[in-house]
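*Asks:* Take a look at this one; I'll ask things after.
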Amino acid sequence: MLVPIFTLNFKHKVNPHMVTIGKYDGIHSSLTCATTAGKVFIHSPHNRAERGGLMTFSNEGDLSLLSINQQVSAVCAGKLNSNIQNDILAVGTPTNLLVYDIDKNTDLFYKDTPDGTNAIAIGKLGTIEQPIAIVGGNCSLQGFDQDGNERLWTVTGDNVCSLALVDFNNNGQNQLIVGSEDYDIRVFREDEIIAEMTETETITCLCHMADSRFGYALANGTVGVYDRAARFWRIKSKNQAISIHGFDLDSDGVPELITGWSNGKVDARSDRTGEVVFKDNFPNAVAGIVQGDYRHDGTEQLICVSVEGEVRGFNPASDEMRGNLMDTNVEQDTIRELSQRKQNLQMELRNYEENIKAGTAASTVLQSRAAAAGGSGSVSAEKLFPPGMEYNKIQMGIIPASTQLQTTLTVHEGDETKPPHVELFIATSNDTIVRAVLIFAEGIFEGESHVVHPHLSTLSNMMKVPIVPPKDVPVDLHIKAFIGYKSSSQYHVFELTRQLPRFSMYAVCDTNTPQPKSSCVFHVSERMQRVLMWLNQNFLLQADLVAEGGILNVAFMSLRGAGPLLFQMDAAGQITIRTNDMDLAGDIVQALATFLNQEDLQTNVDFPDEMEKLREVLVKVDEYQAVRQKLTAEMADHSNLIRSMVVRAEDARLMGDMHNMRKGYVELYNMNRDLVNGYKIRCNNHQELLSALKQVNQVIQKAGRLRVGKYKTAVINACRAAIKNNNVNALFKIIKTGAA
Amino acid sequence: MMELNLTRVDYTQVGVTSKKSMRLLPTSGKVQKIAIADHDGILQLFGMKKGDVQHVFKTSTSTKLARLELGGPVGGVRERIFVSSAAVVKGYTKKGKNFLTFDTNMSEPILSMYVEGADLFTCSNFVFNHYHDCKDANSFVCADNISDVICLPANMVDLTPVLACQDRVLRIIQGSNLLYEVEVPGPPVTLSLYGNNGGDEANEVLYGTSDGRVGLVQIGKLAPSHRWELPNEKRNGGVLCIDNFDITADGVLDLLIGRDDGQVEVYSYDDSDEPIHRYSHTCNESITSIQGGVVASAGFDEIVCATYAGWVLGLTSEQQDKAMGPTQVVVSAAAVNKISHLKTDLEQLQQKVTEEREKYQQSATSNIAISAVPGFNINDKFVLNREDASYTLSLELQIPIDNVLLQSDVPIDLLDVEKNSAVVSYSACNPEEGNFLLATYRCQANTTRLELKIRSIEGQYGTVQAYVTPRVQPKTCQVKQYQIKPLSLHQRTHVFDENRPHNTLKLTGQFSQAEMHSWICFCLPELPEKTPPGDEVSFHFMSTFLDTQLECKYRKGDAIFRSDNISTISILKDVLTKEATKKKIRLDITYDINEASIPYTLNLIHPNLEYQLLLAKKVQLIDALKELQVHENDINFMSPEYRQILEDAELLKAEFKKQPCHLERLYDILLSRLTRLSKT
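Those protein sequence lines, which keep their order, are chains A and B. Per the UniProt record's numbering, the very first residue in the first sequence carries number 1; after that it's consecutive. Per the UniProt record's numbering, the very first residue in the second sequence carries number 1; after that it's consecutive.
Shown next as structure tokens:
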């Protein structure tokens, strides 16, 4: 059994996700955690660093506290200067990034990050020579080198939650893996997206394992491992994974995925299979897991920190343990597993035997029923055995063997009583009833499943299940239907899987519908048949579409109220997508390009409404910026005023002039109230600014999604440049044509 | 004290087993043999030789075997095996010779049985029978379900059978009459003689309850005396079996306990003969039988357990050092043999199953064929926990569970259970379709047992249904129903404080005693289905949440309910009138509302409410105070009250965690009290 090699207790709370470790003097490792009240503490048991500057010495031995005086949102230690061995510490707050040299106790740089700092990663990326500190904010990614120069800027689909640097395509260079709130894992080669994987929840953690493998964790309690874009395995727990880390705990040469859970559990899982090889329990939630040479003996330990500041360090397993970290008895386990399998098979066999017996017992009744039915159609298996008979007593689940389950998916445009939805129709082929239907599918329901359990009086042999997928993603519906009779207490479970196509929330409509103002035009050198095939696969259609007269022209109506969608393709291969929804157009472009294997695709777009909105947002951003400056100036004025007021009031008090003193303090009180109000306005202003900036980033991202490959990167970079130069007209032009 | 270090070894797997259906035969030679009876009707006696099962005999009957006991001459060696199947008791010698088949001719199956010399004691649901030399000697009809029976050693004291009854009492029988009742803190389900012989005076009995408590009672000639009681603080499962065996090898018999959540526990006794916890092991399956002995290898003591799914396993003191390395596997030859044997078995079985599966699938083309899948056994339990006033629903199968769908037509809350690793997902539901809760539990591989916690609201009643789907082909699911009664948070008790101010509800009308009983059964948990004997019946209840009490006294045409809690009375009135209207029976209702009862119950709530409020407030402050502590080096400037909170922070948090939503529930109760008050 693997036991901790050291334990510590910091007696400080540790914020979840905010634990890192660095060698700030180049030699000794120091655990660094963010704690409450905007502070970061550094545990340096081996060397007592000089104190001063931001740092204060705490009375508890080896801890030093760093006052950030703002809410800390991320911490990360790493080397920013490849010539020096020292690690530096990067601390992110909702508005800033502070990069600090602990050893010298000085700031390296301090940057405003108006998009927030949700995650930080430090290391080398792609062909950028110097290591950079990468900051993931609301829809944006920024990279800074050691002098604080911006080396990277790009946008991503939604708020960034997690970052990791992994050599994704095994080319000897790191790629950036980004997990965001829109359930997507994106892989960036510098500023170009080279892969996108859709998950089922917000990606809360990412970590590098070995080679091109990386681990991920979702907000719904899923953890798993990807090798490049292929998922090896995943498991789901009812707890949430707070921290994941790749570490070779059993000394077999491959790192395991170490997960710290919200219930205090820590487990190590094999990167290949997900099998648990080790587990330990903390009394509180785990805050972070790192690795480092903490005993200064040349080996790296796995270090786990709980939210209450409890620390445990584990050495990798020694040879004597032979990789067995859990005191398991393998032969006993094997025997147990085999016996369990044997028993399951025996049960199954028994089921078939009993089935035959019951069949024989019921044959006369069945034959007479079949004769009564005139030999055609199916025969009911309800109440086969008279009450009191043995077979009636044991309450078997009996249905006709020929029972079949039919399912169809249709688009339902909704009426007064029901909103528009996709309808899953389930029916049995005879008089058996559908007692309940369970649909397991990720990402489209509140939880992972949806249940329909009608009232006993309304049961019939069919059921209609409305489904409203919130996003345009293809989903596998794992359907379990309980089939039996009204009097049954045991039902047959029919299991089947149906795929819900990506664009299922669009109903075919008349092509004469008023055309949307916006459009997206591009050219593909592909046969129309291929495009037709894509349409047939990705939309829910009653009948397959066909092209008439060499021209493809279809119209859909969005069930989510985003208006009509027109899809046209002429004989020359020019495709026109007309919709007012820029997101939808982007989704179609991306999905179609993937299907047609188009690596690069340039499009011409025109979204007047969206552009008008963007213009408004940009105007607002300017306004907010101006207000912010004004407020800051006001605040400075006020603080000066306050100072003089205090002096005046105190003077009055010393001179015994109570009247003036009171007057002075009343004024002071009013001024203070003004200041507080001013602060509130500033806060609101800042929030507004933040959301406006996010909208801008999102539009750029959407514009990028309308192109594929290098054109996509080009658009994003050009947009960034235009925004930096405050050239709004150029920005519109770029979005429209894809180039400046 | 030496630490106990036991290793689990699995011996074999049989069919589903009932409580107390495995025993070890007394030592003959170096090792003992295991006798076990299962629901498939198979009785077997086997020993272990080099890790292999060696059968002495194996017999099979068509009906399920519910109980296995050992018997022998009074005071002598117990080596005759008795099993009960339905209403028949069979006896076998240790060689397997069937020397006795005795049909008791009872209409109900025997659920528990005990053999003492030539005396046989059997119990069905309500009836206790005593046979001497297979002749009827005595019988007794009990007011509530009997869950176990035992008899004090006949060579030491008079023949004294003890019945464990569902209504929280042990009934001591003399002849055909009740000698006296012993109240115990929970519904007793299992009995065992202390030290296997009843102690020095041969009159001490250990009992285990379904809410997880264990106690020792001395059965005196005239009155009982309670020796000790182990509370169930960790909220472990109910006790199913108890044994006494010196596993710690210190010369004193230890207490072995098997629980329905798979816990095996060992307690040894301290100087004052109070039990202290020494060892726990978790099996994840109900432990139905437990006994200490020497089975696998001579000289090594072990605890042999049987589980619900039929596993027979040993927790042995013999060290088993086998481990897998990164490359090689070190396994003993015996185990290799066993594994390869199992593998060939599996292959054959697999082939057979594949053939049968094809046949089954072919039948789908026939018009008149049926697909009939037999039911599977579900070992379920739905009990009220006194500590946190919530219900625990546990479901256990012989085969792994795939998923469970929980549906309720009353508003209930599901609480998180740490033991359960299944992924829960709530589905949106429409009360108009009769669904107030729809939740799926998707189980991890190899889960055979699932435990759920449900919190109900008094006054809201209905049914909770669980659709259980196991992982076996052809896939089927079984529905189990559980009633949430109108007064779901009440518990049977035997004390009633006459000094409290009471409200009275009096009902008179044309109803029979049985009708009234069925209505009361509908309202309150823990009542026998059968109408108890006697012209007038009375039951006492206590609210687990508020400690208020209720008395029901009824006979034909007349029923009186008294409670210090006006809500209880009001709920009863609502439900009873509704039920009576269903049966078209007119009820005359008279109230007597005691004004003093309202302040009285409010006073009962008040200290609790105040305490909870204070606790909530303190817990709220902890984080802020901690932050201050980080800022300031010296916390002496704080008021002593705050410093105290900081010091006790962990304790406070733990306590707050233990009672989730306690405060909200109290608020709810106060609110509903107000509305009820305005109604009545």
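Virtual Cβ for every residue (Gly too), placed ideally from N, Cα, C. If you're wondering where the values come from, they're calculated on a predicted model, not measured in any experiment.
1. In chain A, what lies closer than 7 Å to Q13 (chain B) by C-beta?
2. Can you give me the Cβ contacts of Q515 (chain A) inside the same chain, cut-off strictly under 7 Å, excluding the 5 residues immediately before and after it?
3. According to DSSP, is Y308 (chain B) part of a helix, a strand, or is it coil?
4. Taking the DSSP output, what are the residues bridged to D564 (chain B)?
5. Could you pull the DSSP bridge partners for S427 (chain B) from this structure?
6. Could you check whether the Cβ of Q406 (chain A) sits closer than 7 Å to any Cβ belonging to chain B?
7. Do we get a CB-CB distance below 7 Å when we pair N367 (chain B) with the residues of chain C?
8. Are L545 (chain A) and L559 (chain A) closer than 7 Å when you measure CB to CB?
9. Hey, N634 (chain A) and G678 (chain A) are a contact pair by Cβ (cut 8 Å); roughly how many whole angstroms apart?
10. Taking the beta carbon of L496 (chain A) as the centre, do at least 16 other beta carbons fall within 10 Å, making it buried, or is it exposed?
11. Is the region 268 to 286 of chain A in contact with the region 303 to 311 of chain A, if contact means three or more CB pairs nearer than 8 Å?
12. Taking all protein chains shown into account, do 16 or more other C-beta atoms lie within 10 angstroms of the C-beta of G198 (chain B), making it buried, or fewer, making it exposed?
13. Consider the Cβ of Q71 (chain A): report whether some Cβ of chain B lies at a distance smaller than 7 Å.
14. Measuring only between beta-carbons, confirm whether L24 (chain B) sits less than 7 Å from chain A.
15. Quick one: measure Cβ to Cβ for F561 (chain B) and T504 (chain B), integer angstroms, because I've assumed they're closer than 8 Å.
16. Please classify I426 (chain A): does DSSP put it in a helix, a strand, or coil?
17. Give me the DSSP bridge partner(s) of T469 (chain B).
18. In three-state DSSP terms, what is P16 (chain A)?
19. So, L163 (chain B) versus F128 (chain B), is the Cβ gap smaller than 7 Å?
20. Would the C-beta of K39 (chain A) count as close to the ligand FAD, meaning under 6 Å from any of its heavy atoms?
21. Is it buried or exposed, Q407 (chain B), if we count other Cβ atoms within 10 angstroms and call 16 or more buried?
22. If we call anything under 7 Å between Cβ atoms a contact, is G75 (chain B) one with N155 (chain B)?
23. Quick one, which residues of the region 206 to 220 of chain A are near chain B if we go by CB-CB under 8 Å, in chain order?
24. Where are the beta strand (DSSP E) runs, 3 residues long or more, that stay fully inside the region 629 to 671 of chain A, in chain order?
25. What separation, rounded to the nearest whole angstrom, lies between the Cα atoms of T601 (chain B) and N636 (chain B)?
26. Cα-Cα, which of A:R498, A:H455, A:M463 is closest to P474 (chain A)?
27. What does L477 (chain A) reach in chain B if we use C-beta pairs closer than 9 Å?
28. Taking I173 (chain B) as the reference, give the member of B:A580, B:E183, B:L159 with the closest Cα.
29. Can the beta-carbon of R502 (chain A) be found less than 7 Å from the beta-carbon of N538 (chain A)?
30. Would you list, in sequence order, the uninterrupted beta strand (DSSP E) runs of no fewer than 3 residues that lie entirely inside the UniProt domain "BBS2 GAE" (419 to 503) of chain A?
31. By how many angstroms is the C-alpha of G484 (chain A) removed from the C-alpha of V182 (chain B)?
32. Per DSSP, what are the beta-bridge partners of T576 (chain A) in this structure?
33. Using the Cβ count rule (16 or more neighbours within 10 Å means buried), how would you classify D273 (chain B)?
34. Considering only C-alpha positions, which residue in the set A:G397, A:P470, A:E416, A:G246 is nearest to V422 (chain A)?
35. Give a yes or no on whether 7 Å exceeds the smallest Cβ distance from E664 (chain B) to chain A.
36. Could you tell me whether the Cβ atoms of M113 (chain B) and R67 (chain B) are closer together than 7 Å?
*Replies:* On the basis of the supplied data:
1. S339, Q343
2. L566, R578
3. coil
4. Its beta-bridge partners do not exist; DSSP assigns none.
5. None, per the DSSP bridge assignment.
6. no
7. The chain inventory of the structure shown lacks chain C, comprising the protein chains A and B.
8. no
9. As written in the sequence, residue 634 (chain A) is Glu, which differs from the Asn given in the question. Confirmed, about 6 Å.
10. exposed
11. yes
12. buried
13. no
14. no
15. 7 Å
16. strand
17. B:N403
18. coil
19. yes
20. With respect to the ligand FAD, the structure shown offers nothing to examine, as it has no ligands at all.
21. buried
22. yes
23. none
24. none
25. 42 Å
26. A:R498
27. Within chain B, no residue comes near L477 (chain A); the closest Cβ sits about 14 Å away, beyond 9 Å.
28. B:L159
29. yes
30. 421 to 428, 433 to 440, 449 to 452, 462 to 467, 475 to 484, 490 to 500
31. 48 Å
32. A:V521, A:Q568
33. exposed
34. A:P470
35. no
36. yes
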